[in-house]
Amino acid sequence: QRGRRSAQHEARVEGEVAFRQFAAERIEDAHQLVVRAVAQRLAEHLGGSLQRAFFVNSGSEANEGAVLLSRLYTGKPGVIALDGGLHGRTALTMGLTGLELWRTDPFPPPHLYRVPHPHCAA
Numbered sequence: 075q076r077g078r079r080s081a082q083h084e085a086r087v088e089g090e091v092a093f094r095q096f097a098a099e100r101i102e103d104a105h106q107l108v109v110r111a112v113a114q115r116l117a118e119h120l121g122g123s124l125q126r127a128f129f130v131n132s133g134s135e136a137n138e139g140a141v142l143l144s145r146l147y148t149g150k151p152g153v154i155a156l157d158g159g160l161h162g163r164t165a166l167t168m169g170l171t172g173l174e175l176w177r178t179d180p181f182p183p184p185h186l187y188r189v190p191h192p193h194c195a196a
């Protein structure tokens with residue numbers, strides 16, 4: 075009796091694990107379809123020769139990626155940020171942030187330069 079229950083329990087657990095794996099794969103497939111469709115619509119909307127899109131989770135991630143790309147492209151470490159801007163909550167983006175209240179890191183990353191926001195007459 076006990077061995078039979080154990081075997082039933084084991085079979086039930088294996089079945090649930092297999093189902094969850096199957097469901098996770100289907101969700102991943104659906105996610106990839108949506109990402110591809112959004113990227114294609116974005117490329118069509120922007121026109122030109124856009125060949126790649128990189129989707130991120132947050133503005134902080136987007137700003138981190140932009141800084142990385144600019145540094146890779148120029149080969150230079152310096153980054154200019156506008157005073158008054160809130161650029162995120164990672165170590166790098168807090169350093170870029172132009173609001174004193176949000177710059178809480180006592181050791182900000184080097185090579186960050188802030189400039190005043192231009193106030194243009196309308």
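In this note's numbering, each number is its position in the sequence shown, counted from 1, plus 74.
We put the CB at the ideal spot given by N, CA and C, even for glycine.
Note that this is a predicted model, so its numbers are computed, not measured.
For residue i, the first and last residue of its enclosing alpha helix (DSSP H)
i	result
F76	A small correction: the amino acid at residue 76 is Arg; Phe does not occupy that position in the sequence shown. It spans 76 to 120 - the alpha helix (DSSP H) in which R76 sits, taken as one unbroken run.
Whole-Å CB distance - residue i paired with residue j, under 8 Å assumed
i	j	result
L60	G158	Within the shown structure, residues of the chain are numbered from 75 to 196, placing residue 60 beyond reach of any answer.
For residue i, the three-state DSSP class (helix, strand or coil)
i	result
R145	helix
A140	helix
L175	helix
Within 8 Å, strictly: CB atoms of residue i and residue j
i	j	result
F128	G121	no
G169	R177	yes
V189	L160	no
V141	Y187	no
Minimum C-alpha distance to residue i - residue among the options
i	options	result
L166	E88, E135, V91	E135
K150	N131, H185, R177, S80	H185
T171	T148, R145, G133	G133
Start-to-end residues for the beta strand (DSSP E) that takes in residue i
i	result
L166	Taken as a continuous stretch (DSSP letters only), L166 belongs to no beta strand (DSSP E), being part of the alpha helix (DSSP H) at 165 to 170.
V153	153 to 156
Residue i Cβ short of 7 Å to the ligand GTP heavy atom set
i	result
F93	No copy of the ligand GTP appears in this structure; indeed no ligand is present at all.
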